[in-house]
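Asker:
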Amino acid sequence: MASKGKSSESVKVIVRCRPLNSTEEANGNYRIVEMEGRTGAVTLTRPAGGSSEDPKVFSFDKVYDWNSQQATLYAETAAPIVDSVLQGFNGTIFAYGQTGTGKSHTMEGKEAPEELRGIIPRAFHHIFDAITAVANPGKEFLVRASYLEIYNEEIRDLLAKNATHRLELKENTDSGVYVKDLTSYVVKSVRECDKLREFGHKNRKTGETLMNKDSSRSHAIFTITVEQCETMPDGHASIRMGKLNMVDLAGSERQSKTGATGERLKEATRINLSLSALGNCISALVDGKSSHIPYRDSKLTRMLQDSLGGNTKTVMIANLGPADYNYEESLSTLRYANRAKNIQNKPKINEDPKDAMLREFQEEIARLRDQLNAAGTSGGPGGGPGGGHRELVVEKVVEKEVVVERVVGVSQEEVDRIRRELEAAKEAEKQALLDENLAQREEALRAQAALLEQQERMASEAERVAETERKLRDLEAKLIGSDGTNIIDEHARQQQELERYQAELRRREDAEREAARALQEQQDAMLAKEEKYGSLQEEADAKGRKLKKLYAKYKAAQSEIADLQAEFQTEREDMLETVRELTRQLKLKAATIDLFVPPEEQAKIESRAEWDDEAEEWHIARAELAGNAVANGRPQASRHGRRPVSVHAKIASILNPSNPRYKGENVLALELEMPERTTQDYEGVQLNPTIKQAIDAALDDSEELSLEGAQNLPSMYFSYDPEGTGRAKGRKKSIKKPAR
Ligand code: ADP
Ligand code: MG
């Protein structure tokens, strides 16, 4: 990649404040923000009741107050970035601020009236107006669009059919950080872009209703890539590629304020994570001491890596609410924005990038042309399908086109007709040759067969040529300017004129602003020079004034330090609160595991787990066989039954009481509880000799019954001595558990 204009430039930071809304007015809230368009100063006054500190003053590249128009904001801040993208630079426009301060209003706006359209739809018009004005066969363009959302640290493709599918970030040396498998559409008009935006927006909506909350919890990025190829008179062609990112960030307010817990807290920590990672990157970039910028801390910062301290032209739009009750949030936004001013980027034109899709298109078109030419001249077999890789890349884009044209089967009819004619001729020939000898006839038939075959070959060749022509037309239709029509109409020309005029006006305004600033500096310089004034009185006056000024500055710095400390303190408390909550959750999990999972099982699982850095997840081999994963396949138990029965069986037995199939169903596998010993174990019982004697005497009917011995019967009738028999143990049956 070659580079041009490698000088560094800082991130442009502008601030926009929306008007008080009707609710705020009704509640008696009042405005605490003052803005001065000429110098770019914003003044924030602490609402009454607070301390007597001086109002806070910040200055930015440009500021837009509550009366500002979308068109003005676009022309002054977004248009220069879009112009750069059209030259082959990368550009990023992102909106930052508390929820409800106008980020979406600024980035997207409303469809109607036209004045309310935001930056994204205006950029579509800008890009296509500019392209149609200059596109011609010597200058071709290819425009692509993609739309994604980062929600809960997961990337979702808003243009995919299945937007719930989460995508991964990858990195390579050619194109830097990119989203793997992100859908990207080739677009040829503003209408197509609008459609994609609408489609993506709907996909975002689903998330909104699910979370019962607006889009303020996710970051949305709409990206347009403009590739252009210019062919010089000497035949040399060069490709440039500019990428425009338009980012609507999640709300910057502190989530802990909203009292979030559980899932919500998790979500909040992740949004905060992205935003604080963004803040950390900004701090690291501007303090000049850190050699490490923590881009990898969140998905958002990794995606914006090139936009902050990279090769991109970046504009940050900080949105403010005007009302008194938003003082803290507004101050925090202004501080954030103030720091971002100092980030240095080194924008450069992307020349002949390796990942240009346009090149693939052109190569494919050239290949198809060659194939057509070859087919036209020789009539022999044309070139086979080209390099597999190239074919694949083009397919990737083509397959996403909505309309798929069918090939018209003209050639098949042709083949049929030829075959019919030939068969008729064959029949006639047969008649004529009837008298000839067999060998001659066969010879003639063979010749005809060969002829038929050749004609069929030609017919299929014609079909292939038609197919190639169709493919070529398809591809050419995607390249704007390749058909040679210069689509600039009168309206577009007027539009261009107007924009040029506006740009000129902007330049003049910039110059004026610059002059005002210079004047201010001169005044400061004069103040310094006053010291040199002759009389001591004058010198004392000058020093007094200077002292006053310095003292004011000192005071301001002091209160700034106090504010920052307070801010850090709250941030620290927030983080500690989050850590405490996470520790609580962790302890619960640990307790569950310690009490219910056998230690050896836990050790086994832990030894098998592997940390996946990319997905930030633990991977455990064969997790699909784990208990809870398998349990989903088991029948569900019905409740309140005398014995555990599955829901299915219970319903079946109610529906058909005469069917005994489910009568005794039991979802638990209960095993029989076998006794420790069986009756056989008692075989070797020895009767007490006294009893034996008594029984024998009783059974002996030959003699007279004597009950003498009965008086001496012990309380224990017989004793059992398992050791004595030595058999009980050997006989003990081991009962095998039935296999499940
Ligand atoms: P965010 O995206 O920052 O949460 P929105 O863009 O949704 O905020 O703005 C909140 C409300 O304020 C919307 O109804 C929007 O129309 C209105 N609003 C925002 N900025 C302006 C503005 N500059 N002028 C008029 N209305 C605005
Ligand atoms: Mg919004």
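Numbering-wise (the working numbering), the sequence shown opens with residue 2 and increments by one. Yeah, the Cβ is synthetic: ideal placement off N, Cα and C, and Gly gets one too. Small disclaimer: the values here were computed from a predicted structure and weren't measured.
Could you check if residue 217 belongs to the surroundings of the ligand MG, using beta carbon to heavy atom distance under 8 Å?
Answerer: Indexing the sequence shown from 1 puts residue 217 at position 216. Result yes, Cβ under 8 Å from the ligand MG.
Asker: Kindly indicate which three-state DSSP category residue 664 falls into: helix, strand or coil?
Answerer: Position 663 of the sequence shown holds residue 664. Note: residue 664 maps to coil in three-state DSSP.
Asker: Relative to the ligand MG, is the shortest distance from any of its heavy atoms to the C-beta of residue 249 smaller than 8 Å?
Answerer: Translated into the one-based positions of the sequence shown, residue 249 becomes position 248. Correct: residue 249 has its Cβ closer than 8 Å to the ligand MG.
Asker: Within the same chain, show all residues whose beta-carbon is closer than 6 Å to that of residue 298, passing over the 5 residues directly before and after it, in chain order.
Answerer: Here residue 298 refers to the residue found at position 297 of the sequence shown. Only 278 meet the Cβ criterion.
Asker: Rounded to whole angstroms, how far is the Cβ of residue 762 from the Cβ of residue 166, which I believe are closer than 8 Å?
Answerer: In the structure as shown, the chain begins at 2 and stops at 741. Residue 762 is therefore absent and cannot be evaluated.
Asker: Measuring CA to CA, which of 99, 109 and 182 is closest to residue 322?
Answerer: The residue given as residue 322 occupies position 321 in the sequence shown. Closest option to residue 322, Cα to Cα, is 99.
Asker: Compute the Euclidean distance between the alpha carbons of residue 80 and residue 586, then round it to the nearest angstrom.
Answerer: In the sequence shown, the residue the question calls residue 80 occupies position 79. In the sequence shown, the residue the question calls residue 586 occupies position 585. Going by the C-alpha atoms only, they are around 49 Å apart.
Asker: At what residue ranges does the stretch 35-88 contain a whole run of the beta strand (DSSP E), taking only runs of 3 or more?
Answerer: Within the stretch 35-88, the complete beta strand (DSSP E) runs of at least 3 residues are 42-45, 57-60 and 63-65.
Asker: Please return the same chain residues whose Cβ sits closer than 7 Å to the Cβ of residue 1, not counting the five positions on each side in sequence.
Answerer: No information on residue 1 is available, as it lies outside the stretch 2 to 741 that the chain covers here.
Asker: What's the C-alpha gap between residue 486 and residue 478?
Answerer: Counting from one through the sequence shown, the residue named residue 486 turns up at place 485. Counting from one through the sequence shown, the residue named residue 478 turns up at place 477. Legend: pLDDT at residue 486 = 47, less than 50; position of this residue unreliable, no value from coordinates given.
Asker: Of the choices 38, 331, 189 and 136, whose alpha-carbon is the least far from that of residue 103?
Answerer: Your numbering for residue 103 matches position 102 in the sequence shown. Looking at the Cα atoms, 331 is the closest of the given residues.
Asker: Would a C-beta distance cut-off of 9 Å place residue 129 and residue 338 closer than the cut-off?
Answerer: Here residue 129 refers to the residue found at position 128 of the sequence shown. Here residue 338 refers to the residue found at position 337 of the sequence shown. Not a contact, by the Cβ cut-off of 9 Å.
Asker: On a CA-only basis, which of 320, 91 and 232 is nearest residue 351? Give me that one, please.
Answerer: Along the sequence shown, one-based indexing puts residue 351 at 350. Checking every option, the nearest Cα to that of residue 351 belongs to 91.
Asker: Relative to the alpha-carbon of residue 744, which residue among 547, 120, 135 and 223 has its alpha-carbon at the smallest distance?
Answerer: The structure shown does not extend to residue 744, since the chain spans only 2 to 741, so no value can be given for it.
Asker: Is DSSP giving residue 90 helix, strand or coil here?
Answerer: By one-based count along the sequence shown, residue 90 stands at place 89. Three-state DSSP puts residue 90 in coil, outside helix and strand.
Asker: Using DSSP's beta-bridge definition, name the partner residues of residue 362.
Answerer: The sequence position of residue 362 within the sequence shown is 361, counting from 1. Answer is none; residue 362 lacks a bridge partner.
Asker: Taking only the alpha-carbon atoms, compute the straight-line gap between residue 294 and residue 11 and give it to the nearest angstrom.
Answerer: Translated into positions along the sequence shown, residue 294 becomes position 293. Translated into positions along the sequence shown, residue 11 becomes position 10. Between residue 294 and residue 11, the C-alpha separation is close to 17 Å.
Asker: According to DSSP, simplified to helix, strand and coil, what is residue 353?
Answerer: In the sequence shown, counting from the first residue as 1, residue 353 sits at position 352. Coil.
Asker: Measure the beta-carbon distance from residue 1 to residue 105 and round it to whole angstroms, keeping in mind my assumption that it falls under 8 Å.
Answerer: Lying before the first or after the last residue shown, residue 1 is absent from the chain, which here runs from 2 to 741.
Asker: What residue range does the beta strand (DSSP E) around residue 620 cover?
Answerer: Numbered from 1 along the sequence shown, position 619 holds the residue referred to as residue 620. Counting along the chain, the beta strand (DSSP E) containing residue 620 begins and ends at 618-621.
Asker: Which class does residue 745 belong to by DSSP, given the choice of helix, strand or coil?
Answerer: In the structure displayed, the chain extends from 2 to 741; residue 745 sits before or after that span and is not available.
Asker: I'd like to confirm something about residue 20: is its beta-carbon nearer than 8 Å to some heavy atom of the ligand ADP, or not?
Answerer: Position 19 of the sequence shown holds residue 20. True, at least one ligand heavy atom lies under 8 Å from that Cβ.
Asker: Have a look at residue 452 and residue 368 and give me their C-alpha separation to the nearest angstrom.
Answerer: As a first step, residue 452 is located in the sequence shown; it is residue number 451 there, counting from the start. As a first step, residue 368 is located in the sequence shown; it is residue number 367 there, counting from the start. Each residue's Cα considered, the two are about 31 Å apart.
Asker: Considering only residues of the same chain and omitting the five flanking positions on each side of residue 1, which have a CB-CB separation below 6 Å?
Answerer: With the chain represented from 2 up to 741, any question about residue 1 goes unanswered, as that position is not in the structure.
Asker: Is residue 1 helix, strand or coil when you go by DSSP?
Answerer: Because the chain is modelled from 2 through 741, residue 1 falls outside the range shown and cannot be assessed.
Asker: Nearest-angstrom Cα distance between residue 17 and residue 320?
Answerer: Residue numbering aside, residue 17 sits at position 16 when the sequence shown is read from its first letter. Residue numbering aside, residue 320 sits at position 319 when the sequence shown is read from its first letter. Distance between the alpha carbons of residue 17 and residue 320 is about 5 Å.
Asker: Relative to the C-alpha of residue 47, which candidate in 284, 183, 76 and 333 has its C-alpha closest?
Answerer: Within the sequence shown, residue 47 is the residue found at index 46, counting from 1. Of the candidates 284, 183, 76 and 333, the one whose C-alpha sits nearest the C-alpha of residue 47 is 333.
Asker: Could you tell me whether the stretch 119-138 touches the stretch 168-185, using the rule of 3 or more Cβ pairs below 8 Å?
Answerer: No, they do not touch.
Asker: Would you check whether the ligand ADP has a heavy atom nearer than 8 Å to the C-beta of residue 106?
Answerer: Counting from 1 along the sequence shown, the entry for residue 106 is found at position 105. The answer is yes for residue 106.
Asker: What do you get for residue 595, buried or exposed, if any count of 16 or more other CB atoms within 10 angstroms of its CB means buried?
Answerer: As a working mapping, residue 595 is identified with position 594 in the sequence shown. Looking at its Cβ environment, which holds fewer than 16 other Cβ atoms inside 10 Å, residue 595 is exposed.
Asker: Restricting to runs no shorter than 4 residues, where is the alpha helix (DSSP H) found entirely within the stretch 279-320?
Answerer: Complete alpha helix (DSSP H) runs here, min 4: 300-304.
Asker: Report the three-state DSSP secondary structure of residue 13 (helix, strand or coil).
Answerer: Translated into the one-based positions of the sequence shown, residue 13 becomes position 12. Correct three-state label for residue 13: strand.
Asker: With respect to the beta strand (DSSP E) encompassing residue 170, which residues constitute its N-terminal and C-terminal limits?
Answerer: Walking along the sequence shown from the start, residue 170 turns up at place 169. Unbroken beta strand (DSSP E) run through residue 170: 170-173.
Asker: Would you check if there are 3 or more beta carbon pairs closer than 8 Å linking the stretch 237-254 to the stretch 353-367?
Answerer: As far as the Cβ criterion goes, the stretch 237-254 touches the stretch 353-367, which means the pair count is three or higher.
Asker: Could you name the residues of the same chain whose beta carbon sits closer than 6 Å to that of residue 139, not counting the 5 residues immediately before and after it, in chain order?
Answerer: As a working note, residue 139 is residue 138 in the sequence shown. Answer for residue 139: 232, listed in chain order.
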